[in-house]
Amino acid sequence: MAAIVRYGAYVPCLRLPRSVVAGAWGGARQAGHKAVANHDEDSLTLAVEAARDCLRGADRSAVDGVLFATTTSPYLEKQGAALLATVLDLPSGILTADLCNSLRSGTTALEFAGSLVDTGRARNVLVAVADMRLAHPGSALEPWMGDGAAAFLVGPEPGVARWKSFASLANEMLDCWRTDQDRFVRTWEDRWVKKHGLLEVTARAVRHALDKAGLTGDGLAWAALYAPDARSLRELARSLGLEKGARIAEDLLDRCGSTGAALAPMMLARILEEASPGERILVAGYGDGADVLVLETTDEIRRRMPGRGVSGWLARGKELENYERFLWYRKLVEVQPPPALLVGSSATVLWRDRNSVLKLHGSRCRACGEAAFPIQRVCNGCGAADAFEEVALSESKGRVFTFTLDYLAAQVDPPLIQTVVDLEPGCRIYTSMTDADPAEVKPEMEVEMTFRRTRKAEGFYNYFWKCRPLN
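Each number in the working numbering comes from the position in the sequence shown (counting from 1) with 3 added on.
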């Protein structure tokens, strides 16, 4: 039987208060925040961070499948899972697949991973779910749509939580959608959508899953449920009879918002951080139907994951000072652009240098031991040629050697913080810093690496590794 072996998550560091969003449009004030991805993040980079959190300390060579689930893939025609596997430095001979365009793609991906393990087609499948949806500015959805990601490694038992049952229902309904020409999510009338969609369909799928598991609602200790907002979540829990029994990770909605396909998986990751052995967990994803998964925790749940997890990322949040900056980050307002950065890009060069650019590999000389980045055929120390081995740097910690604040560079959010960082393997890297207050940057500052989007050039997105403050 399949089980969740490892889990992780990622919550972007920026938090936009709902009161700020409401104040911009003269609406009723609401409590809480929504998590906002930085201007250099997208659903793929969010998934990378969650997957790194999940795989921290794991043997990555054992992973033989990657599933990427989202409704907001940065590419309409290009597989995200293959790029994800490359960035994570996973073996090339693995199964990769994207599950896109459905709010329940995250729960569907979990079940697909479980089926691959149960049938013996794969042993360790990584599921990464991320979303960055946009609501119309000023709409009721806008204060609640947040950004985030979760990741799970699914393998054979025992794991930390094993499969008990799964049920799925298809329900064609125009309740929430976005066409190929839309940027913003559209919805139909709220009461009709909620009654005949979210509440009725989820309830039917939950009943089927509980029947398969031989359980009733009273036998559940936890529930991870998709909902577009906190009020809908409470109504759903009440309609399922869970409001007095199972605990629901509802603080995520208050502190992150509804993270689309990633919401139920993120709630599950949050629950696994606190659950005890022998507890049953209900996971329900909704969107043109519903997926419901029932899990049971094992004694392995006591073995806490080495990553930050949901709670760790929540603790790192910092408030986004104004609504206008959020609009600018999402390119929803037109402002005076920064000076043009006349730098092209080459798919050929990116392919040739993918180990340095995407995997963040450096080189270490076999003759003298000197490390370098990017990969050098000729050692800078002893001059030995082609006598090197590649070393992975993405999980290395480092310290700022020197930095500069560039107010003239083409940058969405000036100043551009350019740093020279000494990484633990002994090599030095020149890169930008992100998620940082320029006033707090200083030499010897501890940093870690993070995968980000740098720019769009030649019609495709360019990614590279930046550094960010460790604490």
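By construction, the Cβ of each residue, glycine as well, lies at the ideal position given by its N, Cα and C atoms.
Computed from a prediction, not measured in an experiment: that's the story for all the values here.
Residues bridged to residue i [DSSP beta-bridge criterion]
{"i": "tryptophan 468", "result": "Phe454"}
{"i": "serine 95", "result": "Partner(s): none; serine 95 has no beta bridge."}
{"i": "isoleucine 432", "result": "Val424"}
{"i": "isoleucine 251", "result": "Ala226"}
{"i": "proline 159", "result": "Ala5"}
{"i": "alanine 206", "result": "Bridge partners of alanine 206: none, in fact."}
{"i": "glycine 11", "result": "Ala154"}
{"i": "glycine 288", "result": "Asp294"}
{"i": "threonine 405", "result": "Val423"}
{"i": "aspartate 134", "result": "Gly151"}
{"i": "valine 188", "result": "Ala138"}
{"i": "histidine 211", "result": "Answer by DSSP bridge pairing: none, since histidine 211 is not bridged."}
{"i": "valine 128", "result": "Gly68, Val157"}
{"i": "alanine 459", "result": "Rather than alanine, the amino acid found at residue 459 in this sequence is lysine. In DSSP, lysine 459 forms a bridge with Tyr464."}
{"i": "tryptophan 180", "result": "Arg189"}
{"i": "histidine 36", "result": "Pro20"}
{"i": "leucine 172", "result": "Ala293"}
Separation of residue j from residue i, as counted between CA atoms
{"i": "valine 130", "j": "alanine 85", "result": "13 Å"}
{"i": "glutamine 82", "j": "alanine 442", "result": "39 Å"}
{"i": "leucine 91", "j": "phenylalanine 454", "result": "10 Å"}
{"i": "arginine 241", "j": "methionine 269", "result": "21 Å"}
{"i": "tyrosine 464", "j": "aspartate 45", "result": "10 Å"}
{"i": "asparagine 104", "j": "phenylalanine 187", "result": "13 Å"}
{"i": "alanine 208", "j": "valine 132", "result": "21 Å"}
{"i": "asparagine 41", "j": "tyrosine 332", "result": "7 Å"}
{"i": "serine 348", "j": "arginine 458", "result": "10 Å"}
{"i": "glutamate 299", "j": "threonine 405", "result": "50 Å"}
{"i": "glycine 11", "j": "arginine 59", "result": "9 Å"}
{"i": "leucine 473", "j": "glycine 365", "result": "21 Å"}
{"i": "glutamine 414", "j": "alanine 318", "result": "27 Å"}
{"i": "leucine 285", "j": "leucine 335", "result": "37 Å"}
{"i": "glycine 244", "j": "valine 297", "result": "16 Å"}
{"i": "alanine 216", "j": "glycine 162", "result": "19 Å"}
Residue i, buried or exposed, once every other Cβ within 10 Å from all chains shown has been counted against 16
{"i": "threonine 122", "result": "exposed"}
{"i": "threonine 219", "result": "exposed"}
{"i": "serine 76", "result": "buried"}
{"i": "threonine 434", "result": "buried"}
{"i": "aspartate 62", "result": "exposed"}
{"i": "cysteine 371", "result": "exposed"}
{"i": "glutamate 461", "result": "exposed"}
{"i": "lysine 469", "result": "buried"}
{"i": "tyrosine 466", "result": "buried"}
{"i": "threonine 99", "result": "buried"}
{"i": "proline 280", "result": "exposed"}
{"i": "alanine 173", "result": "exposed"}
{"i": "threonine 74", "result": "buried"}
{"i": "asparagine 127", "result": "buried"}
{"i": "glutamate 337", "result": "exposed"}
{"i": "glycine 384", "result": "exposed"}
{"i": "arginine 283", "result": "buried"}
Beta carbon of residue i nearer than 8 Å to that of residue j
{"i": "leucine 49", "j": "valine 69", "result": "no"}
{"i": "aspartate 425", "j": "glycine 401", "result": "yes"}
{"i": "glycine 310", "j": "cysteine 57", "result": "yes"}
{"i": "valine 403", "j": "glutamate 451", "result": "no"}
{"i": "valine 120", "j": "proline 159", "result": "yes"}
{"i": "isoleucine 274", "j": "tryptophan 316", "result": "no"}
{"i": "arginine 18", "j": "glycine 292", "result": "no"}
{"i": "aspartate 134", "j": "isoleucine 97", "result": "no"}
{"i": "alanine 152", "j": "glutamate 52", "result": "yes"}
{"i": "alanine 374", "j": "cysteine 430", "result": "yes"}
{"i": "leucine 223", "j": "leucine 239", "result": "no"}
{"i": "leucine 106", "j": "alanine 264", "result": "yes"}
{"i": "alanine 230", "j": "serine 261", "result": "yes"}
{"i": "lysine 37", "j": "proline 146", "result": "yes"}
{"i": "serine 235", "j": "leucine 201", "result": "yes"}
{"i": "valine 14", "j": "cysteine 259", "result": "yes"}
{"i": "valine 394", "j": "arginine 357", "result": "no"}
{"i": "aspartate 183", "j": "glycine 35", "result": "no"}
{"i": "tryptophan 166", "j": "glycine 117", "result": "yes"}
{"i": "alanine 212", "j": "phenylalanine 155", "result": "no"}
{"i": "glutamate 392", "j": "arginine 369", "result": "yes"}
{"i": "alanine 5", "j": "valine 157", "result": "yes"}
{"i": "tryptophan 28", "j": "glycine 149", "result": "no"}
{"i": "leucine 419", "j": "leucine 396", "result": "no"}
{"i": "aspartate 475", "j": "threonine 407", "result": "Only positions 4 to 474 of the chain appear in this structure, which leaves residue 475 out of reach."}
CB contact check: residue i to chain C, cutoff 8 Å
{"i": "isoleucine 274", "result": "Among the chains in the structure shown there is no chain C, since it carries only a single protein chain."}
Closer than 7 Å: residue i CB and nearest the ligand NAD heavy atom
{"i": "tryptophan 225", "result": "Here there are no bound small molecules, and the ligand NAD is not part of this structure."}
| Continuous beta strand (DSSP E) assignments of at least 3 residues falling wholly in the segment 355-396 | 364-368, 391-395
| message | As an exercise, report each continuous beta strand (DSSP E) stretch of at least 3 residues that is fully enclosed by the segment 301-346, in chain order. | response | none
| Completely contained beta strand (DSSP E) runs for the segment 52-126, where each covers 3 or more residues | As summarised for the segment 52-126, the continuous beta strand (DSSP E) elements at least 3 residues long and confined to that stretch are 68-73, 98-103, given in chain order.
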